[in-house]
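Have a look at this one:
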């Protein structure tokens with residue numbers, strides 16, 4: 217093989233190697249871009265890290281992937297059941313809340329005097345008793361996945377919510393109760409986030425007017 221052909225082959229191999237390295241670098245950047253800055257709190261530790269960004273249901277069950285640095289080749293995992301709090305810069309935060317004899321990781325949709333949470337847990341009967349411990353990660357609109365929280369009071373949103381509990385959650389505003397009583401339940405669920413936001417805004421407005 218003459219020198220000219222050898223040089224051509226070496227240049228071709230070098231070009232292919234650079235191309236492969238460039239492609240691997242691009243793929244690594246894509247993979248790294250899926251990990252967002254966040255924080256995981258467990259019973260023993262607080263981990264500032266980069267957490268795999270997925271839909272909310274991903275965080276309710278199984279193993280959650282994270283990296284200590286976005287470019288790390290090593291991916292770490294933590295069980296959802298061991299997480300007390302999880303937050304990502306790009307999505308809502310998650311908190312573990314007690315309900316009945318167990319506790320569940322829930323995503324916080326609304327913050328304020330009244331907080332609105334949602335979880336993927338299914339298996340509660342109409343009386344608020346947890347029955348089968350199953351997880352349902354479908355978007356079935358008939359699932360009662362919402363929870364209202366005011367200080368230490370936590371109630372599950374269901375067709376048979378106690379009127380007295382609603383009045384404890386919303387002590388100075390009857391609009392939520394009116395909507396619950398007069399509206400079709402599925403429509404009520406679709407509007408629940410806005411109802412809680414409106415209540416918190418009204419409370420904030422009243423407080424500011426009295427200052």
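In my numbering, the protein residues as written are 217 to 427. Note that CB positions come from ideal geometry on N, CA and C, so glycine has one too.
Report the option in 334, 318, 254 whose CA atom is closest to the CA atom of residue 364. In the chain shown, residue 364 corresponds to position 148, counting from 1. Per the Cα distances, 334.
Taking residue 280 and residue 294 to be in contact with their CB atoms under 8 Å, please state how far apart those CB atoms are, rounded to whole angstroms. Taking the chain shown and counting its residues from 1, one reaches residue 280 at position 64. Taking the chain shown and counting its residues from 1, one reaches residue 294 at position 78. 5 Å between Cβ atoms; contact.
Pull up the DSSP beta-bridge partners for residue 200, would you. Because the chain in this structure spans residues 217 to 427, residue 200 falls outside the shown range and cannot be described.
State the DSSP-derived secondary structure class of residue 404, mapped to helix, strand or coil. Translated into positions along the chain shown, residue 404 becomes position 188. Note: residue 404 maps to helix in three-state DSSP.
Residue 331 classed as buried or exposed, judged by whether at least 16 other C-beta atoms fall within 10 angstroms: Stepping through the chain shown from its first residue, residue 331 is reached at position 115. So residue 331 ends up on the buried side.
Mapping the DSSP letters down to three states, classify residue 306 as helix, strand or coil. For the purposes of this step, residue 306 is taken as the residue at position 90 of the chain shown. Coil at residue 306, not helix or strand.
Using CA atoms only, rank isn't needed, just tell me which of 270, 319, 297, 301 is closest to residue 255. Here residue 255 refers to the residue found at position 39 when the chain shown is read from its first residue. Ranking 270, 319, 297, 301 by Cα distance to residue 255 puts 301 first.
Burial state of residue 403 (16 or more Cβ within 10 Å): As a first step, residue 403 is located in the chain shown; it is residue number 187 there, counting from the start. The residue is exposed, with fewer than 16 neighbouring Cβ atoms inside 10 Å.
Outcome for residue 289 when other beta-carbon atoms lying within 10 angstroms are tallied against a minimum of 16: Here residue 289 is taken as the residue at index 73 of the chain shown, counted from 1. Per the 10 Å Cβ criterion, exposed.
Can we say the segment 399-413 touches the segment 365-372, given the rule of at least three CB pairs closer than 8 Å? no
Determine which residues share a DSSP beta bridge with residue 267 and list them. The residue labelled residue 267 in the question sits at position 51 within the chain shown. Answer by DSSP bridge pairing, in chain order: 252, 282.
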